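Participant: Numbering (the numbering used here), first residue to last: 153 to 258.
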């Protein structure tokens with residue numbers, strides 16, 4: 153059951169990613185508040201199903217939770233720390249259903 157639920161949720165995560173990116177670049181318009189409400193409702197559904205976001209930014213790189221797609225120089229982060237999250241990762245209980253795509257400090 154848990155595997156099936158994880159597989160179904162993985163299919164919705166790209167939609168969540170697109171909504172998140174759209175909201176980050178949304179104009180100052182009244183309809184945006186409605187889209188934000190829908191996004192928060194989707195997040196609440198995930199939480200209700202025990203699906204949590206992997207907190208990655210500033211964390212030590214861990215290949216069990218993160219997928220590194222590049223390294224960058226950073227004066228603000230120690231070597232091996234996650235500098236930037238390019239795509240959120242998610243867990244279903246204790247199981248990673250999608251690792252976070254990250255850039256790591258050199």
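Cβ coordinates follow ideal geometry from the N, Cα and C atoms, glycine included.
In this text the structure is predicted, and so the values were computed from the model without any measurement.
Would you list the one or two residues that DSSP bridges to residue 242?
Facilitator: 205 and 250, per the DSSP bridge assignment.
Participant: On the CB-based measure, 16 or more other CB atoms within 10 Å of its CB, does residue 173 come out buried or exposed?
Facilitator: Label assigned to residue 173: exposed.
Participant: Determine, using beta carbons only, whether residue 234 and residue 248 come nearer to each other than 7 Å.
Facilitator: No, the Cβ-Cβ distance between residue 234 and residue 248 is not below 7 Å.
Participant: Under the three-state reduction of DSSP, which class applies to residue 222: helix, strand or coil?
Facilitator: It is a strand residue.
Participant: What is the rounded straight-line gap between the Cα of residue 201 and the Cα of residue 215?
Facilitator: Spanning the two alpha carbons is a distance of roughly 25 Å.
Participant: Looking at C-alpha atoms only, which residue of 188, 241 and 209 is the closest neighbour of residue 121?
Facilitator: Any property of residue 121 remains undetermined from this structure, which presents the chain solely from 153 to 258.
Participant: Look up residue 257 in the DSSP assignment and give the residues it is bridged to.
Facilitator: Beta-bridge pairing links residue 257 to 224.
Participant: Using 10 angstroms around the beta-carbon of residue 163, count the other beta-carbons present and answer buried if the total reaches 16, otherwise exposed.
Facilitator: Classification for residue 163: exposed.
Participant: With burial defined as no fewer than 16 other Cβ atoms inside 10 Å of the residue's Cβ, what is the status of residue 192: buried or exposed?
Facilitator: Flag for residue 192 reads exposed.
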